[in-house]
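When we follow my numbering, the leftmost residue of the sequence shown carries the number 614, and every step to the right adds one. One structure is given below, encoded as structure tokens.
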Amino acid sequence: MDWRNSGQGFSNGEFDMKGSSKSAEAKRHCRSICFASPFSARLGVILLAVQALFVSVQEAYCQVTYRQLRSFGYPDQGGSDPSAALLVGRDGMLYGTASSGGALGGGAIFRINQDGTGYTVLRSFGSPSGDGTSPQRALIQGSDGVLYGSTSSGGTNGGGIIFRIGTDGSGYQVLHNFNGFSGDGSNPGGPLLQGPDGILYGATWYGGSSGGGTVFRVDTHGSGYAILMSFQPGMNAYGIPVNQDPVGLTTSNGITLYGTTVNGGASNAGTVFSISTNGSSYTILHSFSGTNGEVAPNELTLSSDGMLYGTTSGRGQFGTVFAMSLDGSGYTVLHRFDPTGGGPVGKLVLGLDGTLYGLITGGGSGDCGTCFTIKRNGTGYAVLLQVDNPPYSPVGLAQGPDATLYGTANGGGFGTLFKLNTDGSNYSIMRYFFTTGGGDGANPRGPLVWGNDGFLYGTSYSGGSNALGMVFRMSSDAGTYSVLHTFTHAGADGRNPNTLLQGTDGMLYGATYRGGTNGYGTLFKVSKQGTGYMVLWHFAIRDIWTVAGFLQGSDGLLYGTTLAGTLFSIHTDGSGYTVLHSFGAGLDGKGPSRALIQGADGWLYGMTTDGGAGGLGTIFKVNTNGDGYVVLRNFGLYASEGYAPVSLIQCSDGALYGATYRGGSGDSGALFRMNTDGTGLSVLWSFSLASSNARYLFERSVQGADGAIYAATQGGGSSDNGTVFSIQTNGTGFSILHSFGDGSSDGTQPFSPICQGSDGAFYGMAQYGGAMGLGTVFAIGYPPIVISPPTSIRVPYGAGATFHVTASGAGLRYQWLFNTAPIPGETNATLFLPSVGRTNEGLYCVGITNGLGGVLSSNAFLSVLVAQELFGPVFQPDGFEVSSRYADGWPVSSQDLTNFEVQTSSDLLHWTALPNTLTLTNGVLLLRDTNSLNSPARFYRLLER
614 MDWRNSGQGF SNGEFDMKGS SKSAEAKRHC RSICFASPFS ARLGVILLAV QALFVSVQEA
674 YCQVTYRQLR SFGYPDQGGS DPSAALLVGR DGMLYGTASS GGALGGGAIF RINQDGTGYT
734 VLRSFGSPSG DGTSPQRALI QGSDGVLYGS TSSGGTNGGG IIFRIGTDGS GYQVLHNFNG
794 FSGDGSNPGG PLLQGPDGIL YGATWYGGSS GGGTVFRVDT HGSGYAILMS FQPGMNAYGI
854 PVNQDPVGLT TSNGITLYGT TVNGGASNAG TVFSISTNGS SYTILHSFSG TNGEVAPNEL
914 TLSSDGMLYG TTSGRGQFGT VFAMSLDGSG YTVLHRFDPT GGGPVGKLVL GLDGTLYGLI
974 TGGGSGDCGT CFTIKRNGTG YAVLLQVDNP PYSPVGLAQG PDATLYGTAN GGGFGTLFKL
1034 NTDGSNYSIM RYFFTTGGGD GANPRGPLVW GNDGFLYGTS YSGGSNALGM VFRMSSDAGT
1094 YSVLHTFTHA GADGRNPNTL LQGTDGMLYG ATYRGGTNGY GTLFKVSKQG TGYMVLWHFA
1154 IRDIWTVAGF LQGSDGLLYG TTLAGTLFSI HTDGSGYTVL HSFGAGLDGK GPSRALIQGA
1214 DGWLYGMTTD GGAGGLGTIF KVNTNGDGYV VLRNFGLYAS EGYAPVSLIQ CSDGALYGAT
1274 YRGGSGDSGA LFRMNTDGTG LSVLWSFSLA SSNARYLFER SVQGADGAIY AATQGGGSSD
1334 NGTVFSIQTN GTGFSILHSF GDGSSDGTQP FSPICQGSDG AFYGMAQYGG AMGLGTVFAI
1394 GYPPIVISPP TSIRVPYGAG ATFHVTASGA GLRYQWLFNT APIPGETNAT LFLPSVGRTN
1454 EGLYCVGITN GLGGVLSSNA FLSVLVAQEL FGPVFQPDGF EVSSRYADGW PVSSQDLTNF
1514 EVQTSSDLLH WTALPNTLTL TNGVLLLRDT NSLNSPARFY RLLER
């Protein structure tokens, strides 16, 4: 505290006061005070405020941390192979089923807007708890607004289920589990029907008392289940019993049900039948002849004219469209399909215009299937679609209230949804279905690349919208993720990528295992934004299938190896492809592995998994022009070294460090060190089958910034699903940093080399496991630790204030906080406040993060010291009085009063506290000494504690 007299400061902050001579002394002393944190209970608020992972310094830990950054797959975009028509809901949404895919692989229930947007999975089947699988029939919407449907398999007995579910995905309930025994049916064979009585009616392909299928009933809550009809098996042309396979029901009056069987009848070509809702009066209304396409009927459509309309699939005879009365009379073939298009499928749609619309699996562009229309009297047959992108293998059709036709197809990859007008115009694909991952990548392989922009780049061997693999980009905190390129069937694109690198030009370069014009793989490049994709080279059978031995040399050329046994080079524009060496002659190695590096001497070093003098692999070196090829080491001569070498790096000491996939003392591979001239090979570590060990290192390792070697193995660890380990270059300090789990949530079997980011963390990929079993991206390393936290300081008003923190860890990011709120732009280890005022007084701390976690420092308090102005002294009969206030006019508070202490001395050497001399009046500090007249000379000093 600075004392002032009428606004003027005193030298060294001292003011002399003598009671008898109207002077005295007050000396100001300051000392730092460390305040304990008062806001640890508000740590959760801080976490939300700074949007980072912080823990209190007491909770910080120095052990290695493993984080799963991404589990591949889009659970809400799953489902594939739709096998039934869509349902147009009362809310205008389209509802449907996908017979496979979904988050659990057993199919899905979905909804989608009529314009193709808003696709949402309401339910994924395939739970291990006895849920149904493979929903192959259309949904219906009950009078209660709930969706009802069935699965063809799964359930507690494996025979399928009947279920109900809300249009928002809520309220899922299994109403019945089919078992196929004790007279029950199994494998529902058509969509459900709700009668006017509210009861659900349906049919099964199998089961019943005779095993030929059933007709059943059940109420909407699962009670009252009963078999109405058990079909007798029919006989095929070879005298072998076959199920009748009833495929669907309809009703005109709620009393009689009408349906079809695919088999059975006089010619075992199928029937149309009727049966009462109480199970009586079963009647075959028509038996199909089995000739001229009149075989294997599909579901029936009931028209307002009292007629039944349907199609027969034909079983290779192209099929028909037919009509008949409800009593079976008047059977008429309205149209016979021919080789130009046939094989009708699904249920006919009776359009709002009174016309029939249907689907055929043959005909149309490319003979892939199309839509047709026909009037109910059999005239006006026409094919509606002749397009370049037809609905491959259409299966179901529905009409919306605006007369638009909506269809499903299970070809063209993994199925599509399409729509068109009733005249065939405005045809469009609404959605392409994907595999289990919903269009995301699956089974990541190849190196994970730390880009010079701080993002991670990698490839998945499969998945993507075409299930042929993709290239992706993601941030190290998994906050952003995007697919850069999905490999396709189109043109001469490659498929199944298995390696990737970042070029000096910033482009990504990689190779595919298959595809291209010759089917043997490609080299490609793509920008880190996903643009500029280009196939650089199509491999031929002589240099079949690239492997991950792929690098860019110091000369800018790309170098790689092929499984067929070549070493090649190529320019980054795709020109100048040159085979530098062909393996396999004499005692040369065979089958170059994924290990290929360029040494500090400019030579290329690599490995083969076979061949050589020992017959079990080699290490070689060769000049970048193909000259000087020499085998440095032959494996198979010494058992302890292992065999099938697969991993090679050069460490900072100039030596080569590698691994063998098999052999060694534990027959699970070994780590070794070797000079670049092939001498001095020594085994650093032997892998084994022990759970405390790792085994089967397949990809290259990496030397960390700390000098240790880090790598991932496909096997070993507590669950034998792979590990990440570290070891010193002298062979000591082997440590398993992470054992991959059983795959239920953690990834398994990493098939990719790990990399170290500039943030110090190691990043890698596991090809299996994760939430959807499609693989993961992970990070492993050490979170930051606070070594020296910021300390509390007291700074005069208007002066600068500096806080500093010291922390361990790589790639540290800082965020300073003031009274729990982040300070914008303050993201360094040092915080400097150039000119502090009262508003700067308070608590300061800093959050420190890297790719593996974060820590929050302890708090430091900034006290801002404002000068005081002295007024007086005013003499009183019994002494004197001095008043003081803050120079900025800020009132002294009662809390401030406790910070001051008055001391007195007669010789300026010995000081004694003078209690009860300070008071506070209207924000002004008053010093009043009623005993000052009793001393000839008295000095005073005021201390701020």
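We put the beta carbon where it would ideally sit given N, CA and C, even for glycine.
G1129 counts as buried, since at least 16 other C-beta atoms from the protein chains shown sit within 10 angstroms of its C-beta. Residue burial is scored here from C-beta neighbours: M1147 has fewer than 16 other C-beta atoms within 10 angstroms and is therefore classed as exposed. By the 16-neighbour rule on beta-carbons within 10 angstroms, Y970 is buried.
By the C-beta density criterion, F794 is exposed, having fewer than 16 other C-beta atoms within 10 angstroms. Fewer than three Cβ pairs drawn from the region 1401 to 1412 and the region 1367 to 1376 lie within less than 8 angstroms of each other, which leaves the two stretches out of contact. Your pair Q754 and L700 checks out as a contact, with CB atoms roughly 6 angstroms apart and the cut at 8 angstroms.
Going by DSSP, S799 is part of the beta strand (DSSP E) stretching over 798 to 801.
Partner residues in the beta bridge of P1110, as assigned by DSSP, are T1125.
In this structure A1283 is in contact with S1299, their Cβ atoms being roughly 5 angstroms apart against a cut-off of 8 angstroms.
Put simply, of G692, S1518, Y761 the residue whose alpha carbon is nearest the alpha carbon of G702 is Y761. Going by beta carbons, L1538 and S1496 fall inside the 8 angstroms limit. Out of E1482, Y1499, T1452, V1418, the CA that lies nearest to the CA of S1470 is found in V1418.
Between D797 and L813, the C-beta spacing is not below 8 angstroms. Per DSSP, the continuous alpha helix (DSSP H) segment holding S1507 begins and ends at 1507 to 1510. For D940 and L898, the gap between their C-alpha atoms comes out near 7 angstroms. For F1196, the closest C-alpha among the options G1145, G1239, Y1190, Q1316 is that of G1239. Beta-bridge pairing by DSSP links W1150 to L1136.
E1482 and Y1427 have their C-alpha atoms roughly 40 angstroms apart. Under the three-state reduction of DSSP output, S1253 falls in the helix class. Taking the Cα positions, I1262 is about 10 angstroms away from M1287.
Between T1237 and F1248, the gap from beta carbon to beta carbon reaches 8 angstroms or more. Around the C-beta of T904, fewer than 16 other C-beta atoms lie within 10 Å, and the residue is accordingly described as exposed.
In the three-state reduction of the DSSP assignment, N726 falls in the coil class, being assigned neither a helical nor a strand state.
Residue environment analysis places Y1381 among the buried positions, since at least 16 neighbouring C-beta atoms fall within 10 angstroms of its C-beta.
Counting along the chain, no beta strand (DSSP E) covers T968, and no H or E run does either. The C-beta distance from G919 to G906 rounds to 25 angstroms, too long to meet the 8 angstroms contact threshold.
Taking C-alpha positions only, T953 is separated from G982 by approximately 10 angstroms. Across the structure, G718 and S1073 are spaced so that their CA atoms are roughly 19 angstroms apart. In the three-state reduction of the DSSP assignment, P688 falls in the helix class.
For T1099, same chain residues with a beta-carbon under 7 angstroms away, outside a window of 5 residues either side, are G1077, S1078, N1079, M1083 in chain order.
Bounds of any beta strand (DSSP E) do not take in S756, whose DSSP letter is neither H nor E. Sorting G739, M706, Q676 by C-alpha distance to the C-alpha of G691 places G739 at the top. The beta strand (DSSP E) runs of length 3 or more contained entirely in the region 992 to 1066 are, from start to end of the chain, 1007 to 1012, 1018 to 1022, 1029 to 1033, 1041 to 1045, 1054 to 1063. As a beta-bridge residue in DSSP terms, V1477 pairs with V1408. P957 is bridged by DSSP to I973.
At a Cβ-Cβ threshold of 8 angstroms, G767 and S783 do not count as neighbours.
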